[in-house]
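Enquirer:
Protein chains in written order, with my numbering: chain Y, 1 to 582; chain D, 1001 to 1582.
#1: Keeping to the same chain, check which residues put their C-beta closer than 7 angstroms to that of residue 1501 (chain D); ignore five residues upstream and five downstream.
#2: Nearest CA to the CA of residue 69 (chain Y): which residue from Y:87, Y:20, Y:27?
#3: Taking the C-alpha atoms as reference points, what is the distance between residue 291 (chain Y) and residue 334 (chain Y)?
#4: Under 8 angstroms by Cβ, that's how I've got residue 411 (chain Y) and residue 363 (chain Y) pegged, so tell me the actual separation to the nearest angstrom.
#5: From the DSSP output, in three-state form, read off residue 1417 (chain D) for me.
#6: Can we say the stretch 1440–1460 of chain D touches the stretch 1418–1425 of chain D, given the rule of at least three CB pairs closer than 8 angstroms?
#7: Any beta carbon from chain Y within less than 9 angstroms of residue 1048 (chain D)'s own beta carbon?
#8: Could you name each continuous alpha helix (DSSP H) segment of 4 residues or more that falls completely within the stretch 270–346 of chain Y, going from the start of the chain to the end?
#9: Since residue 110 (chain Y) and residue 139 (chain Y) should fall inside the 8 angstroms C-beta cutoff, what is the C-beta to C-beta distance between them, to a whole number of angstroms?
#10: Could you work out which residues of chain Y lie near residue 1281 (chain D), taking near to mean beta carbons separated by less than 9 angstroms?
#11: Name the DSSP bridge partner or partners of residue 1472 (chain D)?
#12: Is residue 329 (chain Y) close to chain D, meaning its C-beta is less than 9 angstroms from at least one C-beta of that chain?
#13: Counting only beta-carbon atoms, is residue 1579 (chain D) nearer than 9 angstroms to chain Y?
#14: With 16 other CB atoms within 10 Å as the buried threshold, where does residue 416 (chain Y) fall?
#15: Per DSSP, which residues does residue 163 (chain Y) bridge with? Please list them.
#16: Tell me which same chain residues have a C-beta within less than 6 angstroms of the C-beta of residue 248 (chain Y), skipping the five on either side of it?
#17: For a cutoff of 9 angstroms on Cβ pairs, would you count residue 1240 (chain D) as touching chain Y?
#18: Might you give, ordered along the chain, the residues of its own chain that have their beta carbon closer than 7 angstroms to the beta carbon of residue 1460 (chain D), omitting 5 neighbours on each side?
#19: Leaving out five residues on either side along the sequence, give the residues of the same chain with a beta carbon under 7 angstroms from the beta carbon of residue 235 (chain Y).
#20: What span of residues does the beta strand (DSSP E) with residue 1222 (chain D) cover, start to end?
#21: Can you pull the chain Y neighbours of residue 1487 (chain D), defined as C-beta to C-beta under 7 angstroms?
#22: Given that a residue counts as buried once 16 or more other Cβ atoms are within 10 Å of its Cβ, and exposed if not, what is residue 512 (chain Y)?
#23: Quick one: what does DSSP say residue 366 (chain Y) is sitting in, helix, strand or coil?
#24: Short check: CB of residue 1238 (chain D) to CB of residue 1301 (chain D), under 9 angstroms?
#25: Taking Cβ-Cβ distances shorter than 8 angstroms, what residues in chain Y pair up with residue 1244 (chain D)?
#26: Looking at residue 1034 (chain D) and residue 1120 (chain D), is the spacing between their C-beta atoms short of 9 angstroms?
#27: What residue range is occupied by the uninterrupted alpha helix (DSSP H) comprising residue 1152 (chain D)?
#28: Specify the secondary structure class of residue 1525 (chain D) as computed by DSSP and reduced to three states.
#29: Three or more beta-carbon pairs under 8 angstroms between the stretch 1566–1574 of chain D and the stretch 1519–1533 of chain D, yes or no?
#30: Cβ closer than 8 angstroms: which chain D residues qualify as neighbours of residue 259 (chain Y)?
#31: Beta-carbon within less than 6 angstroms of residue 1023 (chain D)'s beta-carbon, same chain only, minus the 5 sequence neighbours each way: which residues are those?
#32: Confirm, please, whether the CB-CB distance from residue 132 (chain Y) to residue 8 (chain Y) is below 9 angstroms.
#33: Around the Cβ of residue 1449 (chain D), are there at least 16 other Cβ atoms within 10 angstroms (buried) or fewer (exposed)?
#34: Spatial neighbours of residue 1507 (chain D) within its chain, please: C-beta separation below 8 angstroms, excluding the five flanking residues on both sides.
#35: Sort D:1184, D:1112, D:1048 by Cα distance to residue 1146 (chain D) and report the nearest one.
#36: Taking 9 angstroms as the threshold (beta carbon to beta carbon), is residue 1454 (chain D) in contact with chain Y?
Here it is as structure tokens:
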């Protein structure tokens, strides 16, 4: 098992760097009000209310102050004050946000961490001394509401990052630079994958022809694999009655994420937040025997999430997306086997997609959000145990993380870092003893008695939108041949050979190749350059010699080599991996 | 061109039969209040307010009265009364609905048609005498609001039909009997195609695994053909901002059919009623030159229609459905060519689906709903002319019908009769000079000037839901081999050969055949019968002899013959048409 980030030295180091940033901010503006300053995944931030304007160019000044404090190698000390004393101290320092935080804490004693003369209300952990912060950088300034609440004051958030070595920082900054080039919003536009139109609405991406092709190929491929594994695909409605979501618990646990109700003819409907209730309804529509299980119901099902405009971003945060979803209804004695098959399917598919840097995370309950979970402790314990055991039996690497479960059960999450190095959950497998009871679904067991099935909720791609966004960034748009929206582009050198070029195109189309012809009036060089920017796997350049010899000159995306071959040879030698892999 | 039903003798005959029904109703209940009694597509109805209860078993009494009136061969006479005189007469007869109708008519004189002593306010036309009604039957009783308005009184509607011969009536009644068996709601359930769940909501069908397979095959097939013809598929959002539908005219012409608005973060969205605005937005997102046209944007796009609960029915009337939609953006000089290709595509696809009894209808403006249409007469004239000319040049049979156009232009409709003999529009091709202007889309023409493209809106299947509903009824569930959700079922005679049967199944799956194995404990006869009811094209029955000889015994859905062949031979001889046709 991996070390938890929260337990790492890097985490402490970044936490201390945030305190050092606060000290620099006080030096910059002695009247600054301090809010909070936690370490985050790839660095840290601190929220301030400055008494004078601040902009990106002031970051350098702050960095200089920070460098001095770090160089001084102050020890990071710890002390505790009685609750009332702490509040008094913070009031005296005229730090209203800190006062508010302290007043809310019910502990008898409150912890403070001190660097030089600056003591900050804080639970830690921290490094021993500021000198351990070997490398740091302030990255950006953003607005952030106090407590994330739009009715509270808007504060100034300064983001930074810190590392234990200059080398690690440099690598991180290089990755951030690279990430900008690989941003899926940038690539999505350049490669004609998707667009977002202000007329239609933000958070509502439109898949352009090449994006729709990529989408369809991924969908067809997984459908094929799922069918082979005995999944049954369905297509269900995006609307459902209010009662359905009362029963499923979505309206009580998840109403904030749901769209407003829709009234039709005195009945209240919702755009669905998830597909589960629909699949459960289908399972429950016919009597099942123990011999019928497992029943695996799959759908590329569209769901709707209420997101704030300000939080929408490209394909990552959208208001409606399609989950590659399935619900496996099985007996308790089938859980391990089914769970294992799902884990294997994920590994198989990700391998075919040439994705390597992802990992499994076992997401468990936690105390922090205890009220979020349904309260059958016995079932939770059992579920967590089954998942953990199966993973160990399979010798699968995974990390465990609390406070990350679904409200109805523990999950196995598929984790990846985005190009900015931020960890994200791509897809999940969830074990659920709760919803089958809620919906009262059952099957007839070996003894002729009614029994309750278990549901495994699972996704391989998760949200198609988010997955393709990720995939664009991971591959920088250089998809494997079988997924390239356009696999081959034919470029005639001159108008004289345009009919030969057209023939080549038609012949390839007949063979099911996704091919385009560029006979525009641009120069040859420009057309080749354009095709390269489009990341097209193969260019076939044809001139009079090619037309005469009935060959094509092949330029591959990945090599500088060129070769003249007959069209049949091109198909048999270069396009062997052009169709859905098996 | 076909004779219009409204001009036919059958239409008059049914209109007169409705009057005869009113006379019978008066005999049954002298205090009955009469509303309206028009001929309809396959018969006629009359709406009454009875002063005493009436039920299906009273239809026989009414039929007897009607038979007497018909036998008496009364002439059907015509007279006109001055408006005020007519109202006075109807008031005196205490017919409040007729009074209301007469008072609304602004004509100086009102027409009446008389049979024996019964004179009914009516515009005609009618037959000469009641004896022309050679055969009739009353079919059912239903409730109907006066003027179709739920705030008005509920009346009793009696449906009947009438023909010029007993033979024609018998054929019609036989068809109705047959229709009950072919009802797509019945077949859809029996064949596991779809279900409608009261928990999820009426009008929101759920495609079950076999239905989803059929749906996917139709979708994949058309996508393939469309791609070959240069269509570009997109996937767009089902929501759009209110302004989008103001611009498109949907909010002013079509608001009744739209779902209520959805507010998200102070912006107003609608679930889309049609896909056009989304496709137009994509077309408009990049500069186009005359050389880029035609641009053909296609999508299986889901749309939402506000329908009253009472009007929902199976797959025919639903609250959300997917249109196999495309919008062709072209220059004026390309209209004929593009329109012709669409007509050819429709004919090609319907032939592959083995559909024969459908026809084209040219749907034009009309005076009756003049306010429904946008008011550029010149453009309407031009559009109607282009469509008519192209059809004539292609030698395509078609009927013309007024008052059936879209609000933005004339249509070519694909018409079919459902199993009840009722005419329905399956899909349409529409010519549109209006929306391109509304959205301000353009292209750069040969002279470097901005020019406005024309849009051809077209569907081949129309609504996937309605189309599959129709297709179920037309085929009675006996789909062509390539569309059968399950193409082959393997039935082992006994448990001894279950592993051989399993092998056969796996071998077929490997070859991409959609195959099921029925190794349940039912008798062989029952399992064969079940597979036949499921309309599975081929049953492979295997016993010890088959296992020993490595053969299968084939039973075809359409012939009683059985043959024992090796699996390879089965595939090469029987499954030649098992994949998407080209």
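The C-beta atom is built at its ideal place from N, Cα and C for all residues, glycine as well.
Expert: On the basis of the coordinates in this document:
#1: Residue mapping note: residue 1501 (chain D) aligns to position 501 of the second chain, counting from 1. Contacts found: 1490, 1492, 1517, 1519, 1542.
#2: Counting from one through the first chain, the residue named residue 69 (chain Y) turns up at place 69. The residue with the shortest Cα to Cα distance from residue 69 (chain Y) is Y:20.
#3: Translated into the one-based positions of the first chain, residue 291 (chain Y) becomes position 291. Translated into the one-based positions of the first chain, residue 334 (chain Y) becomes position 334. So the two alpha carbons sit approximately 12 angstroms from each other.
#4: The count along the first chain starts at 1 and reaches residue 411 (chain Y) at position 411. The count along the first chain starts at 1 and reaches residue 363 (chain Y) at position 363. Yes, residue 411 (chain Y) and residue 363 (chain Y) are in contact; Cβ-Cβ is about 4 angstroms, under 8 angstroms.
#5: As a first step, residue 1417 (chain D) is located in the second chain; it is residue number 417 there, counting from the start. Residue 1417 (chain D) falls in the strand class under three-state DSSP.
#6: no
#7: Your numbering for residue 1048 (chain D) matches position 48 in the second chain. Not closer than 9 angstroms to any Cβ of chain Y, the Cβ of residue 1048 (chain D) fails to qualify, so no.
#8: 276–283
#9: If you number the first chain from 1, residue 110 (chain Y) lands on position 110. If you number the first chain from 1, residue 139 (chain Y) lands on position 139. About 31 angstroms; that fails the 8 angstroms criterion.
#10: In the second chain, counting from the first residue as 1, residue 1281 (chain D) sits at position 281. Correct list: 195, 197, 199, 200, 206.
#11: Stepping through the second chain from its first residue, residue 1472 (chain D) is reached at position 472. Partner(s): none; residue 1472 (chain D) has no beta bridge.
#12: Taking the first residue of the first chain as position 1, residue 329 (chain Y) is located at position 329. No, because no Cβ of chain D sits closer than 9 angstroms to the Cβ of residue 329 (chain Y).
#13: Looking up residue 1579 (chain D) in the second chain gives position 579. Answer no: the Cβ-Cβ gap between residue 1579 (chain D) and chain Y never drops below 9 angstroms.
#14: For the purposes of this step, residue 416 (chain Y) is identified with residue 416 of the first chain, where counting begins at 1. Under this definition residue 416 (chain Y) is a buried residue.
#15: Position 163 of the first chain, counted from the first residue, corresponds to residue 163 (chain Y). Residue pairing for residue 163 (chain Y): DSSP places it in a beta bridge opposite Y:135.
#16: Reading the first chain from its first residue, position 248 is the one you call residue 248 (chain Y). If we look at residue 248 (chain Y) and ignore the five residues flanking it on each side, its Cβ neighbours are 277.
#17: By one-based count along the second chain, residue 1240 (chain D) stands at place 240. Output row for residue 1240 (chain D): interface = yes.
#18: Residue mapping note: residue 1460 (chain D) aligns to position 460 of the second chain, counting from 1. Hits under 7 angstroms: 1222, 1324, 1345, 1346, 1349, 1427.
#19: The residue you call residue 235 (chain Y) lines up with position 235 of the first chain. Cβ neighbours of residue 235 (chain Y) beyond the five flanking positions: 299.
#20: Taking the first residue of the second chain as 1, we reach residue 1222 (chain D) at position 222. Premise fails: residue 1222 (chain D) lies in the alpha helix (DSSP H), 1209–1228, not in any beta strand (DSSP E).
#21: Position 487 of the second chain holds residue 1487 (chain D). Going along chain Y, no residue has its Cβ under 7 angstroms from residue 1487 (chain D), so there is no contact; the nearest lies around 13 angstroms.
#22: For the purposes of this step, residue 512 (chain Y) is taken as the residue at position 512 of the first chain. Looking at its Cβ environment, which holds fewer than 16 other Cβ atoms inside 10 Å, residue 512 (chain Y) is exposed.
#23: Counting from one through the first chain, the residue named residue 366 (chain Y) turns up at place 366. Residue 366 (chain Y) falls in the coil class under three-state DSSP.
#24: Here residue 1238 (chain D) refers to the residue found at position 238 of the second chain. Here residue 1301 (chain D) refers to the residue found at position 301 of the second chain. Yes.
#25: Your numbering for residue 1244 (chain D) matches position 244 in the second chain. Here the neighbours are 199, 200.
#26: Start at 1 with the first residue of the second chain, and residue 1120 (chain D) comes out as number 120. Start at 1 with the first residue of the second chain, and residue 1034 (chain D) comes out as number 34. Contact flag set, yes.
#27: As a position in the second chain, residue 1152 (chain D) is number 152, starting the count at 1. Neither: residue 1152 (chain D) is in no alpha helix (DSSP H) and is coded neither H nor E.
#28: Position 525 of the second chain holds residue 1525 (chain D). Of the three classes helix, strand and coil, the one that applies to residue 1525 (chain D) here is helix, per DSSP.
#29: no
#30: The residue labelled residue 259 (chain Y) in the question sits at position 259 within the first chain. Ordered by position in chain D, the residues that pass the 8 angstroms Cβ test against residue 259 (chain Y) are 1262, 1264.
#31: Here residue 1023 (chain D) is taken as the residue at index 23 of the second chain, counted from 1. Here the set comprises 1069, 1118.
#32: Looking up residue 8 (chain Y) in the first chain gives position 8. Looking up residue 132 (chain Y) in the first chain gives position 132. For residue 8 (chain Y) and residue 132 (chain Y), no; Cβs fall outside 9 angstroms.
#33: In the second chain, counting from the first residue as 1, residue 1449 (chain D) sits at position 449. Taking all protein chains shown into account, residue 1449 (chain D) has fewer than 16 neighbouring C-beta atoms within 10 Å of its C-beta and is therefore exposed.
#34: As a first step, residue 1507 (chain D) is located in the second chain; it is residue number 507 there, counting from the start. If we look at residue 1507 (chain D) and ignore the five residues flanking it on each side, its Cβ neighbours are 1567.
#35: For this step, residue 1146 (chain D) is matched to residue 146 along the second chain. Considering only alpha carbons, the answer is D:1048.
#36: For the purposes of this step, residue 1454 (chain D) is taken as the residue at position 454 of the second chain. Closer than 9 angstroms: no.
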